[in-house]
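Undergrad: Chains as they are written, first to last, in my numbering: chain A, 47 to 366; chain B, 47 to 366; chain C, 47 to 366; chain D, 47 to 366; chain E, 47 to 366; chain F, 47 to 366.
Protein chains: 6
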Amino acid sequence: MVHKFINQIEPGEAIDNIYIVRDPILRSTTRGDLYIAMFLSDRSGQLNGRMWQATETIYKALPKPGFVHIQGRSELYQNNMQIIINNVSVVDASNVCIDDFLARTDKDTKQMFEDVKKIVGQVKNPQLKALVEAFLADAELMENFCTAPGGMKLHHNYIGGLLEHTHNMLRVAVAILPLYPEVQTDLVLAGIFLHDIGKTEELSYDMAFSYTDSGQLIGHVVKSFLMINQKTETLRTKGTQIEQTVLDALGHIILSHHGQYDFGSPKLPATAEAFIVYYIDDLDSKINQVTAAIDSELSDSNWTTWKNALQTRLYRKRIE
Amino acid sequence: MVHKFINQIEPGEAIDNIYIVRDPILRSTTRGDLYIAMFLSDRSGQLNGRMWQATETIYKALPKPGFVHIQGRSELYQNNMQIIINNVSVVDASNVCIDDFLARTDKDTKQMFEDVKKIVGQVKNPQLKALVEAFLADAELMENFCTAPGGMKLHHNYIGGLLEHTHNMLRVAVAILPLYPEVQTDLVLAGIFLHDIGKTEELSYDMAFSYTDSGQLIGHVVKSFLMINQKTETLRTKGTQIEQTVLDALGHIILSHHGQYDFGSPKLPATAEAFIVYYIDDLDSKINQVTAAIDSELSDSNWTTWKNALQTRLYRKRIE
Amino acid sequence: MVHKFINQIEPGEAIDNIYIVRDPILRSTTRGDLYIAMFLSDRSGQLNGRMWQATETIYKALPKPGFVHIQGRSELYQNNMQIIINNVSVVDASNVCIDDFLARTDKDTKQMFEDVKKIVGQVKNPQLKALVEAFLADAELMENFCTAPGGMKLHHNYIGGLLEHTHNMLRVAVAILPLYPEVQTDLVLAGIFLHDIGKTEELSYDMAFSYTDSGQLIGHVVKSFLMINQKTETLRTKGTQIEQTVLDALGHIILSHHGQYDFGSPKLPATAEAFIVYYIDDLDSKINQVTAAIDSELSDSNWTTWKNALQTRLYRKRIE
Amino acid sequence: MVHKFINQIEPGEAIDNIYIVRDPILRSTTRGDLYIAMFLSDRSGQLNGRMWQATETIYKALPKPGFVHIQGRSELYQNNMQIIINNVSVVDASNVCIDDFLARTDKDTKQMFEDVKKIVGQVKNPQLKALVEAFLADAELMENFCTAPGGMKLHHNYIGGLLEHTHNMLRVAVAILPLYPEVQTDLVLAGIFLHDIGKTEELSYDMAFSYTDSGQLIGHVVKSFLMINQKTETLRTKGTQIEQTVLDALGHIILSHHGQYDFGSPKLPATAEAFIVYYIDDLDSKINQVTAAIDSELSDSNWTTWKNALQTRLYRKRIE
Amino acid sequence: MVHKFINQIEPGEAIDNIYIVRDPILRSTTRGDLYIAMFLSDRSGQLNGRMWQATETIYKALPKPGFVHIQGRSELYQNNMQIIINNVSVVDASNVCIDDFLARTDKDTKQMFEDVKKIVGQVKNPQLKALVEAFLADAELMENFCTAPGGMKLHHNYIGGLLEHTHNMLRVAVAILPLYPEVQTDLVLAGIFLHDIGKTEELSYDMAFSYTDSGQLIGHVVKSFLMINQKTETLRTKGTQIEQTVLDALGHIILSHHGQYDFGSPKLPATAEAFIVYYIDDLDSKINQVTAAIDSELSDSNWTTWKNALQTRLYRKRIE
Amino acid sequence: MVHKFINQIEPGEAIDNIYIVRDPILRSTTRGDLYIAMFLSDRSGQLNGRMWQATETIYKALPKPGFVHIQGRSELYQNNMQIIINNVSVVDASNVCIDDFLARTDKDTKQMFEDVKKIVGQVKNPQLKALVEAFLADAELMENFCTAPGGMKLHHNYIGGLLEHTHNMLRVAVAILPLYPEVQTDLVLAGIFLHDIGKTEELSYDMAFSYTDSGQLIGHVVKSFLMINQKTETLRTKGTQIEQTVLDALGHIILSHHGQYDFGSPKLPATAEAFIVYYIDDLDSKINQVTAAIDSELSDSNWTTWKNALQTRLYRKRIE
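1) Select from the stretch 223-243 of chain B all residues with a C-beta closer than 8 Å to any C-beta belonging to chain F, and list them in chain order.
2) Under 9 Å Cβ-Cβ, which residues of chain E neighbour Q357 of chain C?
3) Under three-state DSSP, which class holds F191 of chain A?
4) Could you tell me which residues DSSP puts in a beta bridge with E118 of chain B?
5) Of the residues F:V234, F:I165, F:H213 and F:D138, which one's Cα is nearest the Cα of V323 of chain F?
6) Check each residue of the stretch 137-155 of chain D: if its Cβ is closer than 8 Å to any Cβ of chain E, include it; give the result in chain order.
7) Going by DSSP in three states, K199 of chain D sits in which element: helix, strand or coil?
8) Quick one: what's got a C-beta closer than 8 Å to M198 of chain E's C-beta in the same chain, skipping five residues either side?
9) From L72 of chain C to I82 of chain C, what does the alpha carbon distance come to, in whole angstroms?
10) Would you mind sorting T350 of chain D into buried or exposed? The rule is 16 or more other CB atoms within 10 Å of its CB.
11) So, at 7 Å on beta carbons, what are the nonlocal neighbours of T151 of chain D in its own chain, with the 5 sequence-adjacent residues on each side left out?
12) Can you give me the C-alpha to C-alpha distance between N171 of chain B and F181 of chain B, rounded to a whole angstrom?
13) Just to confirm before moving on: does the CB-CB distance between V136 of chain C and A107 of chain C stay below 9 Å?
14) Would you list the residues sitting across from Q92 of chain E in a DSSP beta bridge?
15) Can you grab the Cα-Cα spacing for the pair D154 of chain E / Y251 of chain E, in whole Å?
16) Use the C-beta contact count for Q173 of chain D: other C-beta atoms within 10 angstroms, 16 or more gives buried, fewer gives exposed.
17) Between the alpha carbons of E279 of chain F and V178 of chain F, how many angstroms are there, rounded?
Next comes the structure, spelled out in structure tokens:
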């Protein structure tokens with residue numbers, strides 16, 4: 047069954063597809079009949095669903111939220127598309143093509159991860175090397191690292207986004223580090239590789255992007271720092287010592303990489319390495335955010351809508 | 047040998063005492079003779095020392111900084127007291143009464159620690175109870191907890207200050223928690239007990255108060271959070287599980303207890319318990335800071351000097 | 047007639063109740079018939095009312111705003127409940143049970159006021175004692191003090207909220223002042239009792255909560271300060287002098303109790319007493335605001351919606 | 047005796063003049079002799095005084111601070127001028143030409159006050175007229191109004207400065223109000239006349255400029271507001287009523303005339319009249335501050351030193 | 047054909063008028079019929095238009111945006127007025143009375159411009175005089191100067207607004223400059239005349255007010271500065287030299303006239319002239335904004351709605 | 047004559063060297079003899095000079111500031127080195143080795159400029175190419191471009207610093223642009239080349255680094271923008287047109303390259319190209335500033351002194 051994307055549904059179509067249902071409500075009409083109002087969504091958008099002649103049994107069976115198979119018909123109601131539902135049944139997540147529901151990087155994940163391994167393979171400091179390798183050897187974590195989004199809203203907000211962002215930052219670092227010979231390469235490469243590793247725990251991305259409870263209470267900055275300390279402890283129990291000096295220098299990069307207190311950094315950058323990771327992170331995030339915003343708007347206007355995070359509209363016209 | 051405090055030296059006195067030497071410099075006079083300029087200090091203040099007819103050997107033997115036994119004579123030079131040194135010899139720290147050099151709480155440390163144990167002994171939640179007890183059972187850490195200062199400059203900046211501050215916060219909590227029945231007592235008590243535990247690692251206080259390298263790179267907020275996670279891991283290896291939900295709720299209190307991003311909190315308070323710990327911490331620090339500032343100034347003025355951290359001068363006149 | 051709360055109306059019910067009418071508009075349909083659109087509200091919420099076949103006479107008779115007796119029928123229109131009105135008649139406020147329209151503290155007002163009197167009865171300084179007693183003897187003002195809300199939106203926003211907030215702050219003060227022996231108790235107790243007394247004039251709360259013109263132009267901070275000065279003047283004409291020093295120390299607490307310029311304090315706290323009143327005020331307001339937000343949301347989510355005043359969502363899950 | 051200004055003393059002069067003494071300290075030399083160190087000042091500046099062979103009796107007799115008659119000799123010590131004192135005796139303030147000690151407006155105070163009376167005499171609204179006249183009839187207050195400085199440091203910081211500033215603001219208002227016909231003239235004129243009247247109580251200026259305790263605790267913004275309310279009350283007891291609406295509109299102008307919370311306004315301007323008083327106040331203060339800074343620096347540089355309150359240096363070169 | 051203003055259309059009227067069409071969209075109904083949804087506007091407001099039974103040819107012919115002649119009928123739909131369109135045809139801008147679409151100053155443009163010329167005719171400095179005259183001699187630019195709005199939204203946002211604002215600022219300057227004799231008149235008058243001249247290029251106002259691309263990328267502050275430099279260059283090629291010192295003093299006024307970095311000034315005021323232009327600009331803008339906001343709201347309330355740019359509601363009740 | 051650097055002078059040396067004299071003052075001793083106090087400096091530091099038995103003629107002949115040949119002797123006075131001057135004579139700047147007085151880049155200026163030409167030679171867009179070539183063809187400007195410092199204090203504050211900074215930014219751009227294929231290369235390269243070109247006019251660097259009057263009034267951001275517009279006009283008169291669209295896109299990069307209003311950008315970045323130039327500029331400046339601060343401090347401490355611009359101390363210890 048080819049998925050019918052929500053933003054491509056025309057009025058009057060027969061619908062026979064899987065969507066995510068959210069916030070279903072059981073209501074009664076003025077005539078006393080029960081009906082269910084709900085939201086249906088996939089990665090392309092969201093619309094209203096209405097199931098008339100519903101029962102409490104149907105309502106109770108609905109996941110809140112979860113995947114459902116919907117049969118019905120689309121219609122325009124007050125200029126908004128909605129779906130009139132005849133049948134609804136729960137679908138197991140394993141039977142769903144998750145790509146229909148979560149945006150995904152258009153880069154080659156496998157290739158990017160190979161590149162990442164190659165670049166961090168250049169780390170020479172034996173302690174940082176041991177630490178990096180311990181992370182690379184953690185298969186489950188690395189799978190999450192290759193899958194997690196880079197963020198909720200502003201940049202790299204798609205499956206594989208964390209990897210794509212980290213990968214690109216590493217490539218930027220490799221390109222410019224020769225121009226700054228006083229900056230310690232190993233710390234920068236290890237710092238970039240691990241700077242957002244806590245996002246694997248901060249974000250949930252099985253059906254849609256959201257924060258985990260733990261992620262919202264602790265944040266990925268401190269979670270990344272903690273994971274580095276935990277991996278260090280694991281190494282220690284296996285006989286490999288990481289000196290406190292090395293761990294602090296790396297930990298400081300992680301804790302200061304948002305660059306400002308207002309963005310949740312508990313420390314401001316105090317080493318050249320911390321500054322360079324902060325700048326590369328900010329540059330890569332912003333360019334992704336800016337080009338995505340310019341590309342995604344459908345209008346012919348030379349300007350995007352107002353971007354609150356950037357405090358400006360963006361200019362879309364090219365001279366080249 | 048009774049210590050002669052620096053702020054009590056009169057001009058023309060014979061000096062035969064131990065002080066901390068700092069930043070000694072070897073210089074030559076216009077006649078080509080070598081002399082050593084240095085700072086001498088104890089907890090009451092600091093003045094200049096001059097050793098004429100010095101040698102490079104004497105200079106090299108001086109700790110930078112460290113304790114020295116000084117023999118010489120005081121004099122007024124350009125309205126500042128200085129010491130003309132005849133003899134200087136290095137003193138081992140173990141032979142020094144550290145109280146002459148570091149201010150110390152005037153409360154009874156042992157009694158306060160007993161109180162703390164009693165109050166946190168009220169924690170009923172079995173997981174938090176286990177965690178609190180694991181900290182109390184860590185004798186070396188508890189000794190540091192009873193000795194560390196509460197801060198570098200603004201409040202409780204004396205030996206035992208961390209304990210005094212934590213002790214007072216716990217007493218405030220016990221006094222007001224009955225007025226807020228919806229607030230979870232156990233989380234508040236455990237949160238206060240451990241909120242600044244990382245200061246034992248952030249600050250160094252063997253001769254004078256300063257930051258450790260690790261403390262300045264990581265900060266006590268994140269260090270406290272890390273120590274809780276490490277203690278949890280130790281408990282786990284011994285068979286006691288702390289659920290992630292409990293650990294996150296406690297960790298969130300630690301990470302948000304400065305209340306604002308600008309003060310180095312990577313998270314803002316998001317639970318009633320986090321808010322109450324933040325307020326009790328801020329209240330106890332500020333009242334300590336305000337009353338210390340009012341008490342410490344010697345002038346008869348109704349107003350203290352300008353306090354930059356408070357953006358005001360303080361009014362000293364009482365109506366009672 | 048038992049009041050039917052707006053958030054409990056089901057579609058298709060017969061309505062025969064008193065509500066507040068707001069912003070009625072007389073309009074004509076495309077067929078040229080007149081109708082009246084209006085909002086109907088009580089303390090539980092607000093919905094649209096429509097009176098078809100209306101006349102200008104009916105429209106003119108409607109209060110804008112005020113209490114009306116509505117007869118009609120509820121219906122769902124575009125998924126929103128509305129009331130189709132057959133009859134509307136003005137109701138005198140004296141015939142209305144005001145509790146149906148204004149939220150009210152669930153604490154015992156009389157008991158709380160007795161407690162307040164008892165606590166401020168501890169004030170020993172004769173001048174502050176005289177001032178406090180003059181306020182307590184002002185029966186009309188005290189009635190308003192027991193009735194006024196504590197705020198418009200964020201905290202204690204219900205009838206009796208000012209008393210509940212003041213009462214709780216006094217209890218907090220009594221609980222913690224013994225821990226801060228250098229803080230002058232009398233100033234703190236008198237300062238808390240009177241810190242928001244100007245809200246009796248700033249806020250209007252006969253039908254719904256709103257600002258008075260005078261309140262919005264002057265603000266409760268300065269109004270409270272003015273009322274203290276006026277009461278002092280009244281005492282003076284009766285032969286009781288309050289020294290300027292005492293009046294200034296108390297006035298300073300009032301003027302600085304928001305703690306920051308941004309929150310409308312014309313002065314920053316400059317005494318230990320001013321700091322402690324500011325902290326107790328902020329703590330009691332925030333805990334009320336946080337627990338109310340956590341309690342009031344109906345969803346099962348572990349998190350509340352975003353709270354702009356706190357710059358976070360709130361975590362609702364308890365460990366106890 | 048012609049006063050010898052401090053900034054005109056040359057080395058080696060005989061001194062026989064009155065100065066203000068501040069912060070005298072009794073000290074002993076290395077030989078054990080007592081001497082007194084002190085600061086001597088007049089409106090042109092300050093220098094050190096030294097009285098060798100002093101006694102405790104002489105020290106105790108010195109005012110701290112106050113006027114003294116000094117006999118001695120000037121000398122250069124380490125490139126700073128100081129006075130070696132042979133004789134010192136206390137002088138009664140009534141025997142002092144205060145103009146030698148406090149800077150004074152170079153405008154004609156009497157003429158300015160006549161102008162002020164004439165301009166506010168244009169107020170037509172009977173209630174505002176009554177209020178303005180009540181202030182003008184308060185002879186003691188008006189004398190203070192004509193004498194007080196306009197500020198401590200930044201602008202109009204000289205005797206008569208409050209009058210000069212108010213006078214100039216009124217003239218600006220008279221000049222521009224015809225261009226803004228919607229702005230209510232009477233409120234603006236009364237508002238300007240009284241906007242800083244509380245400075246008569248906030249500042250002390252008998253020997254040098256300083257804040258009173260009451261001024262520092264309450265501030266001139268709220269003091270001005272209070273004085274208007276007190277005068278209104280006095281009028282009421284004499285049978286003249288000022289309606290609350292009028293009083294609030296005027297009071298709002300006073301409370302918001304600093305224009306921003308950060309500058310101690312408890313309310314932001316919410317009427318055209320409040321805005322215009324705020325702008326005229328700010329404009330007149332800043333132009334006074336800027337031209338005074340440009341005029342007062344002695345160097346030939348095209349730029350003044352950095353002005354922190356303006357966050358810039360000022361350009362002094364004229365094109366005309 | 048008398049224009050029927052959008053805010054005066056009643057339900058059920060026949061419509062036969064010119065409006066601006068914006069954002070037309072071609073859609074199909076559930077039955078598969080095509081229709082066009084669009085917005086129709088004039089200077090009084092905007093409403094929805096619906097053309098049923100539309101064709102792609104009609105859709106393609108519509109300007110996006112532009113003037114169209116609409117024939118149809120008004121109706122209320124869900125309490126909003128809309129127009130059901132029977133016929134639509136494109137109208138050339140030359141056949142349109144632009145005043146129906148763009149708000150216009152109610153002052154006499156010709157008279158204001160004469161006044162402006164007279165006032166800036168007082169400039170005596172030969173170089174500034176030459177520069178001012180060169181601008182006055184630029185007929186095309188002066189026509190734009192008399193037509194451009196003073197802003198997009200907040201103040202003087204109507205045709206002729208730039209002239210009205212500049213005119214009023216010049217009159218304020220003429221009124222108050224005699225009170226500040228140290229301020230250089232010529233610089234102030236030339237500075238005011240040219241301070242916003244770049245708005246002629248920043249804003250587009252042929253059909254409605256919007257930013258030009260160039261205006262949004264560069265801004266009127268820098269555009270005004272550039273135009274002055276370009277006119278100086280033109281003068282130079284004709285043999286009239288403006289010294290760099292004069293040009294810098296004038297340019298500085300332009301670049302700093304927003305007074306704060308946050309409002310897009312690349313420099314802060316550093317001369318008395320720059321301060322006075324900044325204050326007069328801010329005062330005239332704010333009074334225009336405040337009185338316009340007070341006048342424009344239709345309700346009887348004593349308060350306007352919340353004004354975000356002023357961070358307050360405005361009080362509308364007058365005492366006169 | 048080998049220059050004796052000020053920070054290498056020992057007490058008791060004979061001095062016979064050229065220094066910059068600043069702020070000389072003619073004074074009389076207590077005995078009535080005239081002497082001159084002055085500051086003497088070179089690029090290594092500054093100390094006091096004293097010329098006893100001076101005359102008014104000698105004083106008048108001194109440049110203020112300027113180069114002088116000093117003969118005399120060094121001595122320690124109150125622990126500060128000073129020079130007792132026997133002879134002073136004015137020296138023409140052409141006879142001075144300027145490198146003794148101004149710090150200079152340690153990179154090869156000629157090579158860097160060749161690199162810059164090569165990199166900007168890659169610009170393909172014909173209009174940007176023409177503009178870049180017009181700048182390269184301006185020999186006088188290019189000489190200044192190769193000589194000017196990159197800043198006054200914080201970064202690249204030495205002769206050749208502007209070139210070194212621009213050169214490094216271009217190399218960073220070349221390295222990372224391939225990773226951001228959507229970013230328009232030509233705009234970025236031209237934007238970097240010209241982003242600070244106005245510093246050639248903003249800064250003066252003939253004897254020491256300072257701002258020109260014009261630089262301080264206008265700033266290098268707007269000056270760079272103006273120079274681009276002027277060069278465009280020159281090209282136009284020679285028959286080469288630059289379209290407004292291209293000029294605006296480039297001008298926007300210049301005007302927004304400080305990234306924030308607070309740092310004097312009149313516009314915020316609104317294109318990917320503007321963002322990337324801003325980030326590369328900030329990164330290169332900060333890394334230069336950080337590594338220079340770490341390298342320049344002489345102490346053995348692991349931490350530098352507090353850096354106000356970075357709001358932190360910097361950590362100096364390396365792990366590599």
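Here a beta-carbon is modelled for each residue, glycine too, at the ideal position from N, C-alpha and C.
TA: Taking the geometry as given:
1) none
2) In the third sequence, the residue the question calls residue 357 of chain C occupies position 311. Under the 9 Å cutoff, chain E gives no residues; its nearest Cβ is about 18 Å from Q357 of chain C.
3) As a first step, residue 191 of chain A must be located in the first sequence, where it is residue number 145. Here F191 of chain A sits in helix by DSSP.
4) Taking the first residue of the second sequence as position 1, residue 118 of chain B is located at position 72. Reading off the sequence, residue 118 of chain B comes out as Gly, not Glu. The partner list for G118 of chain B (beta bridge, DSSP) reads B:I61 and B:I131.
5) Position 277 of the sixth sequence, counting from 1, holds the residue named residue 323 of chain F. Of F:V234, F:I165, F:H213 and F:D138, the residue nearest in Cα terms is F:V234.
6) Residues passing the 8 Å Cβ filter: none.
7) Locating residue 199 of chain D in the fourth sequence gives position 153, counting from the first residue. K199 of chain D falls in the coil class under three-state DSSP.
8) Mapped onto the fifth sequence, residue 198 of chain E falls at position 152. Result list for M198 of chain E: L249, F255, S256 and Y257, in chain order.
9) On the third sequence, residue 72 of chain C is found 26 positions in, with the first residue counted as 1. On the third sequence, residue 82 of chain C is found 36 positions in, with the first residue counted as 1. So the alpha carbons of these two residues sit roughly 5 Å apart.
10) Here residue 350 of chain D refers to the residue found at position 304 of the fourth sequence. Label assigned to T350 of chain D: buried.
11) On the fourth sequence, position 105 is the one that residue 151 of chain D refers to. Result list for T151 of chain D: Y204, I205, G206, G207 and E210, in chain order.
12) As a first step, residue 171 of chain B is located in the second sequence; it is residue number 125 there, counting from the start. As a first step, residue 181 of chain B is located in the second sequence; it is residue number 135 there, counting from the start. Those two C-alpha atoms are separated by around 16 Å.
13) Here the question's residue 136 of chain C lines up with position 90 in the third sequence. Here the question's residue 107 of chain C lines up with position 61 in the third sequence. A contact, by the Cβ cut-off of 9 Å.
14) Within the fifth sequence, numbered from 1, the residue matching residue 92 of chain E stands at position 46. DSSP, once it has assigned bridges, lists E:S87 as partnering Q92 of chain E.
15) Reading the fifth sequence from its first residue, position 108 is the one you call residue 154 of chain E. Reading the fifth sequence from its first residue, position 205 is the one you call residue 251 of chain E. Answer to the nearest angstrom: the Cα atoms are 19 Å apart.
16) Position 127 of the fourth sequence, counting from 1, holds the residue named residue 173 of chain D. Burial call: buried.
17) Numbered from 1 along the sixth sequence, position 233 holds the residue referred to as residue 279 of chain F. Numbered from 1 along the sixth sequence, position 132 holds the residue referred to as residue 178 of chain F. Roughly 14 Å between the two C-alpha positions.
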